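Undergrad:
Number of protein chains: 2
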Amino acid sequence: MAGIAEVAARAGVSKATASRALSGTGYVSDATRERVRRAADDLGYVPSAGAVSLATGRTQTIGVVMPYVNRWFFAEVLEGIQRSLLERGLDLTLYDAKPGTEGRARIFDDFLARKRFDGLIAVGLEPVNQELERLTRIGRPIVSVVGDGEETSVVAVDDDYAARRATEHLIGLGHRDIAFVGGAPESHWAHVDQQRLAGYQRAMNDAGLADRVRHVHSPVTMPGGYAASVDLLGDARRRPSAIVGVCDEVAIGTIIAARRLGISVPSALSVVGIDDHEFADMFALTTLQQVPREQGTAAVELLLAEIADPPRARTRLRIPSRLIVRNSTAPMDGIDPGAPLL
Amino acid sequence: MAGIAEVAARAGVSKATASRALSGTGYVSDATRERVRRAADDLGYVPSAGAVSLATGRTQTIGVVMPYVNRWFFAEVLEGIQRSLLERGLDLTLYDAKPGTEGRARIFDDFLARKRFDGLIAVGLEPVNQELERLTRIGRPIVSVVGDGEETSVVAVDDDYAARRATEHLIGLGHRDIAFVGGAPESHWAHVDQQRLAGYQRAMNDAGLADRVRHVHSPVTMPGGYAASVDLLGDARRRPSAIVGVCDEVAIGTIIAARRLGISVPSALSVVGIDDHEFADMFALTTLQQVPREQGTAAVELLLAEIADPPRARTRLRIPSRLIVRNSTAPMDGIDPGAPLL
DNA sequence: TTGAAAGCGGTACCAA
DNA sequence: TTGGTACCGCTTTCAA
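Chains as they are written, first to last, in my numbering: chain A, 1 to 342; chain B, 1001 to 1342.
1) Pick out whichever of A/I178, A/H215, A/V230 and A/H217 has its Cα sitting closest to the Cα of A/L209.
2) Using a C-beta to C-beta distance shorter than 8 Å, which residues of chain A count as neighbours of B/L1054?
3) If you count every other CB in all the chains shown that lies within 10 Å of the CB of A/T17, and 16 or more means buried, which is it?
4) First and last residue of the alpha helix (DSSP H) that includes A/Q195?
5) Tell me which residues of the region 211-233 of chain A have at least one Cβ-Cβ distance to chain B shorter than 9 Å, keeping chain order.
6) Could you tell me how far apart the beta carbons of B/R1260 and B/V1230 are, in whole angstroms, since I believe they sit closer than 8 Å?
7) In chain A, what lies closer than 7 Å to B/V1069 by C-beta?
8) Count the CB pairs spanning the region 38-49 of chain A and the region 1024-1042 of chain B that are closer than 8 Å, and state whether there are at least three.
9) With a threshold of 8 Å on Cβ separation, who are the neighbours of A/G89 within its own chain once the five nearest residues in sequence on each side are excluded?
10) Taking DSSP as the reference, what is the three-state secondary structure of A/M66?
11) Would you call the region 230-244 of chain A and the region 164-178 of chain A in contact, with 3 or more CB pairs under 8 Å?
12) Can you tell me the Cα-Cα spacing of B/L1211 and B/F1180, whole angstroms?
13) What's the call for A/R312, buried or exposed, on a 16-neighbour Cβ count within 10 Å?
14) Please work out which residues of its chain come closer than 6 Å, Cβ to Cβ, to A/G12, disregarding the five sequence neighbours upstream and downstream, and give them in chain order.
15) Exposed or buried, what is B/T1025 when buried is set at 16 or more other beta-carbons lying within 10 Å of its beta-carbon?
16) By how many angstroms is the C-alpha of A/A251 removed from the C-alpha of A/R130?
17) Excluding the five sequence neighbours on either side, which residues of its own chain have a C-beta within less than 6 Å of the C-beta of B/V1213, listed in chain order?
18) Roughly how many angstroms separate the alpha carbons of A/S14 and B/F1117, rounded to a whole number?
19) Using the Cα positions of B/E1079 and A/A9, report the straight-line distance between them to the nearest angstrom.
20) Beta-carbon within less than 7 Å of A/I307's beta-carbon, same chain only, minus the 5 sequence neighbours each way: which residues are those?
21) Straight-line CA distance for A/F279 to B/G1057?
22) Excluding five sequence neighbours on each side, which residues of the same chain lie with their C-beta closer than 6 Å to the C-beta of A/R316?
23) Looking at C-alpha atoms only, which residue of A/H175, A/L92 and A/G273 is the closest neighbour of A/D193?
24) Can you confirm whether A/A113, when its beta carbon is compared against all beta carbons of chain B, has any partner nearer than 8 Å?
25) Cβ closer than 9 Å: which chain A residues qualify as neighbours of B/T1093?
26) Based on Cα-Cα distance, which residue from A/P223, A/G183 and A/G234 lies nearest to A/H347?
27) Just to confirm the assignment, what range does the beta strand (DSSP E) spanning B/G1119 have?
28) Below 8 Å between beta carbons: does that hold for A/V128 and A/V145?
29) Would you call the CB atoms of B/Q1290 and B/D1276 closer than 8 Å?
30) List the residues of chain A whose Cβ lies closer than 9 Å to the Cβ of B/G1103, in chain order.
31) Beta carbons nearer than 8 Å to chain A: which residues of the region 1178-1206 of chain B have them?
32) Which parts of the region 1114-1171 of chain B are runs of the alpha helix (DSSP H), unbroken and 4 residues or longer, counting only runs that do not cross its ends?
33) Terminal residues of the continuous alpha helix (DSSP H) containing A/I307?
34) Would you report the Cα separation of A/G3 and A/V52, rounded to the nearest angstrom?
35) How far does the beta strand (DSSP E) with B/V1028 in it extend, from its first residue to its last?
36) Among B/G1147, B/I1255 and B/L1022, which one has its Cα closest to the Cα of B/P1047?
This is how it looks when you write it as C-alpha cells:
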C-alpha cells in the first residue's frame, strides 16, 4: 500500500528524487540513494505496475502466443522463455491460440490489440494472412519460434535438414524401404511438417529412391503415431524396413505399435525421430536433437534486443541439430522382414 | 493510439460520458451510447490497460503459479484456466515456480508482491510455510488446485479415495500382492502422493493385507516409473501380481517396463493408475479418472466469485473420480507368476 | 543534485 | 442524463 510519496517523505526527499533513486535513472547522490532505498525497504514499497506502465509506456511484460501448451515442444519452449524472463524480472502473459477456435479469433481481435506487453513471442503459431495482419499492426516487436515468416524475426531449427539427415542415416544403414509418418494431408498443413517431409523426400530422391517415397498421414501426437503405425505395420507385406517420424512423439508411437505387434525394434524395424524428446532415452530412440528450451531463451534475448533497440532488419536464427544415435536403428543386413517376433 | 478523449470529441460528448458509455457503468442515453460506440469503432479505440488499472485498481489479469507446465496434469489445468479466462476477456500471467530453484524464491519474494493480478490460482504448489506467508500477505483472493491448504479455497479430487478405490479394484480381482509405485521417500514429499499412498495402505489394511504393503519409490514421471518398474519386475521372485501407480504416467511407465521384460499385461501383471491421462487409452490402462481441465475452469469460477464478492469462508470443492476399466487389469485366477512371456 | 509540477489515460464523484 | 474535475501512482522535463 505504501506509495512512492511515503517513501519520499520518510527519506526526506521529493517524489522525483525518490523515483530517480529507486529506478537508477538520473543523478542522485549516493547518500540520498541509500536513504531512499532504506526507506523503501522499511516500508516494503512495491511500485504500482499500472502507474509505472501508464507513465513509461512499458508494461514489463512479454506476451507469448502458442497453439498448445500440452505438447512437449511447446511446453519446453515455454519453460525456456519463462526462465529467461524470470531472471530479468519480466512477467509473462500467455495466450493459448488453438487453431480454428473462436478463442483464437478473440485473441487476435481483442487480446493482442490491448498491447499489454512490450513484445510478443509467437511459438509455432502459423498465422493465416488475416492473423498476420493483426500481428503486425500491433506495432510491438515480435519474435517467432518455428516458422518461416518474413514478417518477424525467427528462431528455429532447420527442419528440412533434420529430416534429411535422419533419412540419410537410415539410407546409410542400407534401408531402402523408408516411410515417413506424421502430418495431415497436404492441404491444411503445418509448416514444420512440410519442411520435414520435404527433407525426407529430398534425401530419398538424392539416393535414387524417389519411387519408394511413402508418406503416412497421422496426427502429430504419440497416440496418433501409434494408431497410424498399427495400421502401417499390420500388414507384413506392405511393411517398410525403416520409418522416419515427423517428430519423436510420432516415432515413439511407432515403436509402441511395433512392440504391440511383436515387431522387434531395431532388428526388424528401424525408427528415427526428430526432437530428442524427454522419453527418447527410455525408448532408446535415435533422433535429431533440438533443444526447444534454448530456442525459448534465444527468442527472449532477441526480443529484448529489439525492444531496447528498435527493429533494424529481421533476424533469422537457424539452430543446427545433431544426430543422436541410440538403439532404434540398425543396419539393414540383419533384417529378416518375415520375422515378426520380439 | 486514439484515447478516450478523441472518442469523446468525435461523439461530441465529454470524456466522462464516453467512459460511461463504453464501460456500461452509469446512466447514458441509448442514443449517446450508440454514438460513442460508433466513434470508438471508427477510431479503433482500445483502452489503455495501465490507465484502467491505475484508475480502477483492477488489472483484468489472473495470475497462475505452478511448479511445472510440462506435465500432463498441469498442462491440462492450465488449458482449462486459459479457456475460462479467454471467454471472460481476462489475461493470464504465468509463474513457473519449480521447487528448490532460486527462480521460485524470486517469484514469491518479488513477482507476486507486485500484485499484477486480481486473483491467483496456485496449482499443485505445495508452498512451504514461508511461501504460504508470502501468499497470504498479498491480500488478493487465492484458489488452490490440488492440496489441503486451510489458507485458501481449494479445488481437488479426493486422492485418498481414488487410490483406495484403485487398490480395492485389484483386491476385488483376487490380487493380494499389490505394490504401490511412485513418490519420493517420505521426507520431502508431495501431498498428493502422500494421500494416494495412504489410500492404498488403507485399502490393504481393510483387506487384511497390511503385511503385503509395499511402496516402491520413483520419480513421478513416465521414465521414472519405467526405471523403477524395470527394477521391481526384474526379479521374478519378488514380483507383485499387481501394481497401483501413483498416477497414470508412472503406471504407463510400468506397463512399458513390463512389455520390455516380456511380462504380459494384464495376464501376468495387473496395473492401475490414477488420472485418465491422454495416453491411457493407448495403453489400455485401467484408471481412476480425473479431469484437470474441469478443475481449472472450476478454479476460475471460484476465484472470480471471490474477487467479485469478497472472501466469506474458504470453499473446498472436492471432485469425485470414477473408475474406468480398460484392459490393464485382470482377475488373479489366471495368473501364472512363473510365466514371463508375452 | 534536488524539487515542483505537468502529464500518462482513464474513472468516478458531484453538480448541473 | 451529462459535464467538470479531482484523483490513481509514478516518471520526467525544467528550474532552481
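Using N, Cα and C, we set each Cβ at its ideal position, and we do this for glycine too.
A quick note: this is a predicted structure, and the numbers were derived from the prediction, not measured.
TA: Let's see:
1) A/I178
2) S48, G50, A51 and L54
3) Counting of Cβ neighbours within 10 angstroms places A/T17 among the buried residues, the total reaching 16 or more.
4) Here the alpha helix (DSSP H) through A/Q195 covers H191 to D206.
5) T221, M222, P223, Y226 and A227
6) 7 Å
7) V69, A75, L78 and E79
8) no
9) If we look at A/G89 and ignore the five residues flanking it on each side, its Cβ neighbours are Q60.
10) Look at A/M66 here: in three-state DSSP terms it is strand.
11) yes
12) Rather than Leu, the amino acid found at residue 1211 of chain B in this sequence is Asp. Roughly 13 Å between the two C-alpha positions.
13) exposed
14) none
15) The C-beta of B/T1025 has fewer than 16 other C-beta atoms within 10 Å across all chains shown, which makes the residue exposed.
16) Correcting the residue identity first, residue 130 of chain A is Gln in this sequence and not Arg. Rounded to whole angstroms, A/Q130 to A/A251 spans 34 Å at the Cα level.
17) Q1201 and M1204
18) 29 Å
19) 46 Å
20) D118, G119 and P141
21) 46 Å
22) V154
23) Of the listed residues, the one whose Cα sits closest to A/D193 is A/G273.
24) yes
25) T61, D91, L92, T93 and L94
26) The structure shown does not extend to residue 347 of chain A, since chain A is modelled only from 1 through 342, so no value can be given for it.
27) G1119 to V1123
28) no
29) Taking 8 Å as the cut-off, the beta carbon of B/Q1290 is found closer than this to the beta carbon of B/D1276.
30) At a C-beta separation below 9 Å, B/G1103 has these neighbours in chain A: Q82, R83, L86 and E87.
31) So nothing in the stretch comes that close.
32) Entirely contained in the region 1114-1171 of chain B, the alpha helix (DSSP H) runs reaching 4 residues are, in chain order, 1129-1137.
33) P292 to A308
34) 12 Å
35) Note, B/V1028: premise wrong, no beta strand (DSSP E); not H, not E.
36) B/L1022
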